[in-house]
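A short write-up of the structure that comes next.
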Amino acid sequence: MFSLYSGINRLLLTVGFPSASYGPSISFVAHPPSHTIGNTVILTLKLVSIEQNMATGKLEMEKEAKCNPQKFYGMIKYTLHHLHTIFPESYKSIDILEGDGESVGSVRLWKYVLPGTSEVLTAKEKTEVIDDENMLIVWNIYEGDHTNHYNGFVLLKMQVVPNGEGSLVKWTFEYEKRNEGGPDPQQFMNMFVMFGDKLDAHLAAEA
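Numbered according to UniProt numbering, the sequence shown spans residues 1 to 207.
Here's what the structure looks like:
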């Protein structure tokens with residue numbers, strides 16, 4: 001017996017859409033007349049909508065740092081593309097593709113390793129916001145291996161605020177999963193928090 005559902009599902013796969021159980025929700029309507037050729041049913045289908053099942057989220061974490069906020073913020077703003085020379089175990093290379101690496105619009109290509117893994121991954125990011133008054137930087141991570149699980153981009157925000165004689169570093173990830181069952185970017189958050197701890201120790205050693 002001909003199955004309309006399975007036939008449509010095969011059609012979706014043929015034209016490049018994911019299976020109905022993963023990815024977009026796709027609606028079709030049949031346009032009569034339908035007819036048969038032998039045992040084959042011929043349907044005229046019209047695509048009327050595609051609705052992506054998305055899951056947006058935010059991860060936030062705060063970490064204390066011993067160094068003063070201006071020093072920590074300045075290190076991130078001006079020397080981000082040199083961090084692979086300080087932390088080669090996590091960052092394999094950071095190349096500036098556009099801009100000077102210190103201002104809005106700068107684009108960098110990262111090669112990095114997530115905590116607890118050995119695979120070298122890549123990411124391309126663009127500096128979207130630099131707010132010196134509030135010591136806030138926003139990066140748009142829009143290409144790379146993370147797009148296997150997330151739609152298009154991940155926003156990473158870092159803000160440094162005074163905290164007694166030291167600093168409080170606030171990290172925020174804003175993301176959109178490709179599907180609701182996808183993983184939260186906790187490993188990415190762990191990587192940047194670990195990086196912040198190492199940077200704080202590095203700056204303290206230089207003092």
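The C-beta atom is built at its ideal place from N, Cα and C for all residues, glycine as well.
| field | Cα-Cα separation between Glu102 and Asn148, rounded to whole angstroms | value | Here residue 102 refers to the residue found at position 102 when the sequence shown is read from its first residue. Here residue 148 refers to the residue found at position 148 when the sequence shown is read from its first residue. It is roughly 29 Å from the alpha-carbon of Glu102 to the alpha-carbon of Asn148.
| query | Should Thr85 go down as buried or exposed, given a rule of 16 or more other Cβ atoms within 10 Å for buried? | reply | Sequence index remark: in the sequence shown, residue 85 carries index 85 (1-based). Exposed, because fewer than 16 other Cβ atoms sit within 10 Å of the Cβ of Thr85.
| message | Assuming Met189 is part of the beta strand (DSSP E), what are its boundary residues? | response | The sequence position of residue 189 within the sequence shown is 189, counting from 1. Following the DSSP letters along the chain, one finds Met189 in no beta strand (DSSP E) but inside the alpha helix (DSSP H) bounded by residues 186-206.
| query | Do the region 159-172 and the region 184-203 meet, that is, are 3 or more Cβ pairs less than 8 Å apart? | reply | In this structure the region 159-172 lies against the region 184-203, because at least three pairs of beta carbons, one per stretch, are closer than 8 Å.
| request: State the start and end residues of the unbroken alpha helix (DSSP H) segment that holds Leu121. | output: The sequence position of residue 121 within the sequence shown is 121, counting from 1. First-last for Leu121: 121-131, but that is the beta strand (DSSP E), not the alpha helix (DSSP H).
| query | For the alpha helix (DSSP H) that contains Leu83, what are its first and last residues? | reply | Counting from 1 along the sequence shown, the entry for residue 83 is found at position 83. Where Leu83 is concerned, the enclosing alpha helix (DSSP H) stretches over 83-86.
| field | CA nearest to the CA of Lys126, picked from Lys77, Phe72, Gln187 | value | Translated into positions along the sequence shown, residue 126 becomes position 126. Closest by alpha carbon: Lys77.
| field | Close Cβ partners of Pro183 (< 7 Å) along its chain, the five nearest in sequence each way excluded | value | For the purposes of this step, residue 183 is taken as residue 183 along the sequence shown, with counting starting at 1. Here the set comprises His149.
| said: Quick check: the Cα distance between Gln52 and Gly164, rounded to an integer number of angstroms? | reply: The residue you call residue 52 lines up with position 52 of the sequence shown. The residue you call residue 164 lines up with position 164 of the sequence shown. Any reading at Gln52 needs caution, since the residue's pLDDT is 41, under 50, leaving its predicted position unreliable; the model's value is listed next. Rounded to whole angstroms, Gln52 to Gly164 spans 46 Å at the Cα level.
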